[in-house]
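Residues in the sequence shown are numbered consecutively from -19, following this note's numbering.
This report refers to the structure that appears directly beneath it.
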Amino acid sequence: MASEPAGADVVEERETTADVSRLRGRVFKWVSAAATVFGITVVAGLLLYVANDALRPSSADLGWGLTFAATLGLPMVALAAYYLTRDRAAGRVAYETTGVLAVGLITAGGFVILFRELATPVKWLALVVALGVGAGAIIIHARLRPAAALERLVVSILAPLLAVLGVPAISVEHTVALPLSGTKLFAVTFATPRLLPSVRDLVFLIPVLPVDWMLLVGTVTVPVSFAYGRFVVSRRDDGRGRYELVGGTVVVATVVALVAPLVGVTPENGVLLATAVLVPSAAYLEGVVRRDEGLLGLLFPVAVVLGGVAGVAITGTLGFAGPDPWLDWGFLTSATSRNPADAGIYPALVGSVLIVLVIALTAFPVGVGAAIYLEEYAPSSGRLARLVELVEINIGNLAGVPSIVYGLLGLALFVQGIGLRSGIVIVGGLTVGLLILPIVIISAQEAVRAVPDSRRQASYGMGATRWQTTRNVVLPEALPGILTGTILALGRAIGETAPLLMIGIASSVRSPPSGFFSKTGAMPRQIFSWSSEIQPEFRFGVLAAGVIVLVAVLLIMNGTAIVLRNRYQRSN
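See below:
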């Protein structure tokens, strides 16, 4: 009887172990896939349920639904199937182009809100000129005294402030009273005249200015197109594209401003719409055409627009009645009301936009600055290193603190500590900014830490200082990751309700805030108020429409973050 080889048992054991390992891997893969599909299905089902209450598609005629299914639905499904199976590059171009157009429309709406409720074109012109003068003073100082770093820091702080605010008058009043009774004896008042007017005040003194839409072309369209032009130039080898984009955008914006009144749109809104939609679309399409990759994807947004227009024309001709949704243009442009049919979300929408603006202007620079210090400048040894480690541990812990605690902190710090009024825009923005500040710091730290040390060492080897290395090497590499984390944090901030309850944000407001120190509402606070209404139309119709608006804003912000992350991954 022949004996088995000595290593047969070992080989058999290895094969059995490999089979078991592969089985476990397959089980883990399919369980993970099932969990992912289950989660997506549940969320999609919930959104569809809410969207059904908000849009009420069943209230439309059958012919209306069949018409739009033929003109809009079938072309979209056919193109999506083709991109998925035949041309993935074209699919990416199709979805990114549609996303750019959607984000542009939302941005245009934000511009319209800001210039309608917060600042007139003349005030915006005065601010832009003042900031330009301050920036010019900084540039001149940097060229005249390039080695004076401390002076440049002082100039960088004072020049914009003096240009915007001037040197205001100082007024001091001191009251003398008896120590026990508090009886007022006398008051001493000291006041100085205004020493220097600001550049903003000087702009207001100009007797003749262009019309509003021309001011917007010069102060919004030109800077935005110039910024995108620099982006286009950075992607090209011939250095062209900047002035072509600026000139073309100015011409198009002017034509839109002249034609806009014919379709019921003001020239100012036409300029803002052209700037927010056409400039980023042109910058993106330039890259697509230059690479000559995925050009068929451009058919998707064309099919969406033409299909929608054809559907509207056919249903109007045949007399098919469309749905009667709660979410319509009136809902987006009206204030809330006791009558569900007249209720809208516009004041709360404006309040959320201004609160997010305050959050971005405060939490972003502070969080990024803290992350840069902790990663690039903080000592790694010695006594201070222990303090830095303690600070980082506390930042991580603060990221998990319940949001209502930050509401109490904002109430104690900004309302009762500083003395600001409760329920105003600035208090809401600063309070929610504290909430997301740890998240911004942690995400920015991860982005800065992901920059390879070899690039830092190469910069040091070329003789660059630590600040020059941080500014020219680390920040450009880490910026996409920083922006991704910040946008995701802002997406959380815009949906927070508990901090807004604690600082007294109004449940319902009839008019939008006129500034950062005005009483305001917010979308999550308004939605929470509708949930407690007795009438079922509020709880099932108006509330659903508000939820769709809030979710749409969140999806657009998160989609922007995903695009930034994907571009960052492809560039590396």
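Here a beta-carbon is modelled for each residue, glycine too, at the ideal position from N, C-alpha and C.
Excluding five sequence neighbours on each side, which residues of the same chain lie with their C-beta closer than 7 Å to the C-beta of residue 350?
In the sequence shown, the residue the question calls residue 350 occupies position 370. Answer for residue 350: 421, listed in chain order.
Just to confirm before moving on: does the CB-CB distance between residue 554 and residue 414 stay below 7 Å? In the structure displayed, the chain extends from -19 to 552; residue 554 sits before or after that span and is not available.
- Task: Using a threshold of 7 Å, state whether the C-beta atoms of residue 314 and residue 503 are closer than that.
- Result: By one-based count along the sequence shown, residue 314 stands at place 334. By one-based count along the sequence shown, residue 503 stands at place 523. No, the pair does not count as a contact, with Cβ atoms beyond the cut-off.
In angstroms, rounded to a whole number, what distance separates the CA positions of residue 2 and residue 288?
As a position in the sequence shown, residue 2 is number 22, starting the count at 1. As a position in the sequence shown, residue 288 is number 308, starting the count at 1. Distance between the alpha carbons of residue 2 and residue 288: 50 Å.
Pairwise C-alpha distance: residue 34 and residue 520: Locating residue 520 in the sequence shown gives position 540, counting from the first residue. Locating residue 34 in the sequence shown gives position 54, counting from the first residue. Across the structure, residue 520 and residue 34 are spaced so that their CA atoms are roughly 8 Å apart.
(request) Kindly indicate the opening and closing residues of the alpha helix (DSSP H) around residue 283. (result) The sequence position of residue 283 within the sequence shown is 303, counting from 1. Segment 279 to 298, the alpha helix (DSSP H) holding residue 283.
query: According to the Cβ coordinates, are residue 405 and residue 335 closer than 7 Å?
result: Within the sequence shown, residue 405 is the residue found at index 425, counting from 1. Within the sequence shown, residue 335 is the residue found at index 355, counting from 1. Yes, Cβ-Cβ distance for residue 405 and residue 335 is below 7 Å.
Which one or two residues does DSSP pair with residue 385 in a beta bridge? Counting from one through the sequence shown, the residue named residue 385 turns up at place 405. Residue 385 pairs with nothing; no bridge assigned.
query = Taking buried to mean at least 16 other C-beta atoms within 10 Å of its own C-beta, is residue 285 buried or exposed?
reply = By 1-based counting over the sequence shown, the position of residue 285 is 305. Per the 10 Å Cβ criterion, exposed.
Looking at the structure shown, is residue 462 part of a helix, part of a strand, or coil, going by DSSP?
Walking along the sequence shown from the start, residue 462 turns up at place 482. In the structure shown, residue 462 sits in a helix (DSSP, three-state: H, G or I).
| task | Take the Cβ of residue 554 as the centre, count every other Cβ of all protein chains shown within 10 Å, and call the residue buried at 16 or more, exposed below. | result | Absent from the model: residue 554. The displayed extent of the chain is -19 to 552, so no value can be given.
Can you tell which of 42, 80, 537 has the C-alpha that lies nearest to the C-alpha of residue 280?
-> By 1-based counting over the sequence shown, the position of residue 280 is 300. The shortest C-alpha separation from residue 280 is found at 80.
Inset, instruction - To the nearest angstrom, report how far apart residue 307 and residue 38 are at their CA atoms. - result: Along the sequence shown, one-based indexing puts residue 307 at 327. Along the sequence shown, one-based indexing puts residue 38 at 58. Their Cα atoms are separated by approximately 14 Å.
Original post:
Is there at least one non-hydrogen atom of the ligand SAM closer than 6 Å to the beta-carbon of residue 309?
Top reply: In the structure shown, the ligand SAM is absent, as is every other ligand, since no ligand is present at all.
Helix, strand or coil for residue 422 per DSSP? For the purposes of this step, residue 422 is identified with residue 442 of the sequence shown, where counting begins at 1. If DSSP states are grouped into helix, strand and coil, residue 422 belongs with the helices.
Looking only at its chain, what residues have a beta carbon closer than 7 Å to the beta carbon of residue 64, apart from the 5 residues adjacent to it on each side?
If you number the sequence shown from 1, residue 64 lands on position 84. Excluding positions up to five away in sequence, the list reads 71.
* To do: Would you identify the three-state DSSP class for residue 489, choosing helix, strand or coil?
  => Position 509 of the sequence shown, counted from the start, is the residue given in the question as residue 489. Coil.
| query | Do you know how far the Cα of residue 42 is from the Cα of residue 455? | reply | Sequence index remark: in the sequence shown, residue 455 carries index 475 (1-based). Sequence index remark: in the sequence shown, residue 42 carries index 62 (1-based). Using only the alpha carbons, I get a separation of about 56 Å.
Buried or exposed by the 16-neighbour rule on C-beta atoms within 10 Å, applied to residue -9: Looking up residue -9 in the sequence shown gives position 11. Summary for residue -9: the model assigns pLDDT 49, below 50, so the residue's position carries little reliability; its value from the coordinates is reported in the next sentence. Flag for residue -9 reads exposed.
| task | With a cut-off of 8 Å on the beta carbons, I'd call residue 31 and residue 474 a contact; round off their distance for me. | result | Here residue 31 is taken as the residue at index 51 of the sequence shown, counted from 1. Here residue 474 is taken as the residue at index 494 of the sequence shown, counted from 1. Not quite, the Cβ-Cβ distance comes to about 19 Å (not below 8 Å), so this is no contact.
Inset, instruction - Could you tell me whether the Cβ atoms of residue 74 and residue 277 are closer together than 7 Å? - result: Here residue 74 is taken as the residue at index 94 of the sequence shown, counted from 1. Here residue 277 is taken as the residue at index 297 of the sequence shown, counted from 1. It is a contact, given that the beta carbons lie within the stated cut-off.
Legend entry - Contacting residues, own chain, Cβ-Cβ under 6 Å from residue -2 (five flanking each side not counted): By one-based count along the sequence shown, residue -2 stands at place 18. With a pLDDT of 49 at residue -2, under the threshold of 50, the modelled position of that residue is not reliable, and no figure is offered here.
- Item | Best match in 408, 449, 441 for proximity to residue 428 [C-alpha to C-alpha] | Locating residue 428 in the sequence shown gives position 448, where the first residue counts as 1. Closest by alpha carbon: 449.
* Asked: Which one of 367, 89, 106, 275 has the shortest CA to CA distance from residue 252?
  -> The sequence position of residue 252 within the sequence shown is 272, counting from 1. Measuring from the Cα of residue 252, the nearest candidate turns out to be 89.
Could you tell me whether the region 45 to 53 touches the region 308 to 328, using the rule of 3 or more Cβ pairs below 8 Å?
no
> Does the region 93 to 112 touch the region 178 to 189, meaning 3 or more C-beta pairs lie closer than 8 Å?
Replying inline: yes
Exercise for the section: Starting from residue 48, follow the alpha helix (DSSP H) in both directions and report where the run begins and ends. Expected result: Sequence index remark: in the sequence shown, residue 48 carries index 68 (1-based). Start and end: 42 to 48.
Within the region 51 to 123, note down every full beta strand (DSSP E) run reaching 3 residues or more, in order along the chain.
The beta strand (DSSP E) runs of length 3 or more contained entirely in the region 51 to 123 do not exist; there are none.
message: For a quick check, are the C-beta atoms of residue 201 and residue 229 less than 7 Å apart?
response: Residue 201 sits at position 221 when you count from the first residue of the sequence shown. Residue 229 sits at position 249 when you count from the first residue of the sequence shown. Yes; because the gap between Cβ atoms is below 7 Å, this pair is in contact.
Pairs of beta-carbons, one from the region 292 to 299 and one from the region 21 to 28, closer than 8 Å: are there three or more? no
query = Do you know whose CA, among 213, 370, 205, 244, lies nearest residue 227's CA?
reply = Counting from 1 along the sequence shown, the entry for residue 227 is found at position 247. Comparing Cα-Cα distances from residue 227 to each of 213, 370, 205, 244, the minimum goes to 205.
Rounded to whole angstroms, what is the Cα-Cα separation between residue 273 and residue 319?
Here residue 273 refers to the residue found at position 293 when the sequence shown is read from its first residue. Here residue 319 refers to the residue found at position 339 when the sequence shown is read from its first residue. Taking the straight line from one Cα to the other gives about 53 Å.
Measuring CB atoms only, is the region 187 to 198 touching the region 231 to 250, in the sense that at least three cross pairs come out at less than 8 Å? yes
Quiz item: When we look at the beta-carbon of residue 423 and count the other beta-carbons within 10 Å, is it buried (16 or more) or exposed?
Solution: Taking the first residue of the sequence shown as position 1, residue 423 is located at position 443. Buried, since its Cβ has 16 or more Cβ neighbours within 10 Å.
* To do: Buried or exposed for residue 357, please, with buried defined as at least 16 other CB atoms from any protein chain shown within 10 angstroms of its CB.
  => Numbered from 1 along the sequence shown, position 377 holds the residue referred to as residue 357. Exposed, because fewer than 16 other Cβ atoms sit within 10 Å of the Cβ of residue 357.
Note to self: Looking at the strands, I want to know which residues DSSP matches up with residue 176.
What the structure shows: For the purposes of this step, residue 176 is taken as the residue at position 196 of the sequence shown. DSSP output for residue 176 lists 147 as bridge partner(s).
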